[in-house]
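In the numbering used here, the protein residues as written are 14 to 201.
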């Protein structure tokens, strides 16, 4: 079939690079994820590879040692996602743990697009990231919209008062209306 493809997505990685969970059947981890994606590609499957957010951090680091560890993990995850050829990563609230400037700097190292339709700069009221990305796969144009929950963690807001989050439902509806004429499929 002409339009056959798979959407593969990850979420809430939260800086974890090793498998976690019960020792007999550990879940996740960069190596396991990379192996699965590589296998799918070797089988000739067309995939749209997405991360829905909260990729980089679990919680704010409390010590300098934990901060350095978190930074190393964040860099490793960006490089790993580059190697796996991720298409798009939505910005999650926990991705902002080290501040918006840090995240913007990290996006410069990424070969994939970070998106968020409702993360806005408080001063300009404009989006901090591209609101969506259009990818063509298996003959279809697919619009991918990135959204965050509008219940912003007050601790993050105190740390970095620059970003604000607009209401996601109305934001999604407005962007979807605009994308319909350009896309065959829209993923939110």
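By construction, the Cβ of each residue, glycine as well, lies at the ideal position given by its N, Cα and C atoms.
Requested in this report: Return the Cβ separation of residue 144 and residue 155 in integer angstroms, given the expectation that the two are a contact with Cβ distance under 8 angstroms.
Outcome: In fact, because the Cβ distance is near 15 angstroms, the residues do not count as touching under 8 angstroms.
Query raised in the report: Applying the criterion that 16 or more other CB atoms from any shown protein chain within 10 Å of the CB defines a buried residue, is residue 188 buried or exposed?
Result: The residue is buried, with at least 16 neighbouring Cβ atoms inside 10 Å.
Query raised in the report: Are the region 62-72 and the region 98-114 in contact at 8 angstroms, needing three or more beta carbon pairs?
Result: The region 62-72, when compared against the region 98-114, does touch it at the 8 angstroms Cβ threshold.
Report task. Note down, in chain order, each residue of its chain lying with its Cβ closer than 6 angstroms to the Cβ of residue 50, except the 5 sequence neighbours on either side. Result -> Cβ within range, chain order: 97.
Query raised in the report: Would the beta-carbon of residue 131 fall within 8 angstroms of that of residue 91?
Result: No, the pair does not count as a contact, with Cβ atoms beyond the cut-off.
Report task. In angstroms with no decimal places, state the Cα-to-Cα distance between residue 152 and residue 197. Result -> As the crow flies, the alpha-carbon of residue 152 is around 9 angstroms from that of residue 197.
Query raised in the report: Can you tell me where the beta strand (DSSP E) with residue 181 in it begins and where it stops?
Result: From DSSP, residue 181 is part of no beta strand (DSSP E) but of the alpha helix (DSSP H) over 181-192.
Query - Whole-Å CB distance - residue 213 paired with residue 69, under 8 angstroms assumed - result: The shown model of the chain, from 14 to 201, leaves out residue 213, and the question about it has no answer.
Query raised in the report: Just curious, the alpha helix (DSSP H) that residue 96 is in, first and last residue?
Result: It spans 77-97 - the alpha helix (DSSP H) in which residue 96 sits, taken as one unbroken run.
Requested in this report: Measure the alpha-carbon distance for residue 48 versus residue 137 and round it to whole angstroms.
Outcome: The alpha-carbon separation between residue 48 and residue 137 amounts to approximately 42 angstroms.
Query raised in the report: What is the residue span of the alpha helix (DSSP H) that residue 116 lies within?
Result: DSSP places residue 116 inside the alpha helix (DSSP H), whose first and last residues are 113-120.
Query raised in the report: Which two residues bound the contiguous beta strand (DSSP E) that contains residue 109?
Result: Segment: none, residue 109 is in no beta strand (DSSP E) and carries neither H nor E.
Report task. Could you tell me whether the Cβ atoms of residue 18 and residue 150 are closer together than 8 angstroms? Result -> Residue 18 places its beta carbon less than 8 angstroms from that of residue 150.
Query - Reference residue 106, options 88, 56, 162 and 193, closest by Cα - result: Closest option to residue 106, Cα to Cα, is 162.
Query raised in the report: Where does residue 182 land, buried or exposed, given buried means 16+ other C-beta within 10 angstroms?
Result: With fewer than 16 other Cβ atoms within 10 Å, it is exposed.
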